[in-house]
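What follows is a single structure, written as structure tokens, with notes after it.
Residue numbers (the numbering used here): 527 to 654.
What follows is the structure, given as structure tokens:
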């Protein structure tokens, strides 16, 4: 039977050392994602049923491609931060936690590079 209080159990365990920075990054990316999401919603409403050639033509615009690229990077970074918090808080096995954090980072990096490559390909090559 353990007679220690809740405070006594957590004393001496140390702090996470990165909580505030992580919290602020997540909040800043959430705020930054608002205009990107609004842009994507308007874009999909306006061009959702447009022919392929018109969509490629619009996406070839440097401004549109830049907004899409920045939005993809910001959204994927925000997703990585959120999944990291979930993994750190709810996975208790040290080995599984390390593996999942590595998979999370790898998946986000792969998807971000894939999206940026796709956006650049459309922006540079256009309808070719």
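The C-beta atom is built at its ideal place from N, Cα and C for all residues, glycine as well. What you are looking at is a predicted structure, and each value in this text was computed from that prediction instead of being measured.
Considering Cα atoms alone, identify which of the options is closest to residue i.
{"i": "residue 652", "options": "585, 641, 623 and 612", "result": "585"}
{"i": "residue 612", "options": "583, 639, 630 and 570", "result": "630"}
{"i": "residue 551", "options": "595, 602, 594 and 620", "result": "602"}
{"i": "residue 549", "options": "647, 608, 641 and 648", "result": "608"}
{"i": "residue 643", "options": "558, 556 and 599", "result": "599"}
What residue range is occupied by the uninterrupted alpha helix (DSSP H) comprising residue i?
{"i": "residue 559", "result": "545-573"}
{"i": "residue 583", "result": "578-585"}
{"i": "residue 604", "result": "588-616"}
What does the Cβ neighbour count give for residue i, buried or exposed, with the cut at 16 atoms within 10 Å?
{"i": "residue 529", "result": "exposed"}
{"i": "residue 639", "result": "exposed"}
{"i": "residue 634", "result": "buried"}
{"i": "residue 580", "result": "exposed"}
{"i": "residue 604", "result": "buried"}
Keeping to the same chain, check which residues put their C-beta closer than 8 Å to that of residue i; ignore five residues upstream and five downstream.
{"i": "residue 617", "result": "623 and 626"}
Excluding the 5 residues preceding and the 5 following residue i in the sequence, name in chain order all residues of the same chain whose CB lies nearer than 7 Å to its CB.
{"i": "residue 610", "result": "627 and 630"}
Ordered along the chain, which non-local residues of its own chain (more than five positions away) have a Cβ less than 6 Å from that of residue i?
{"i": "residue 594", "result": "645"}
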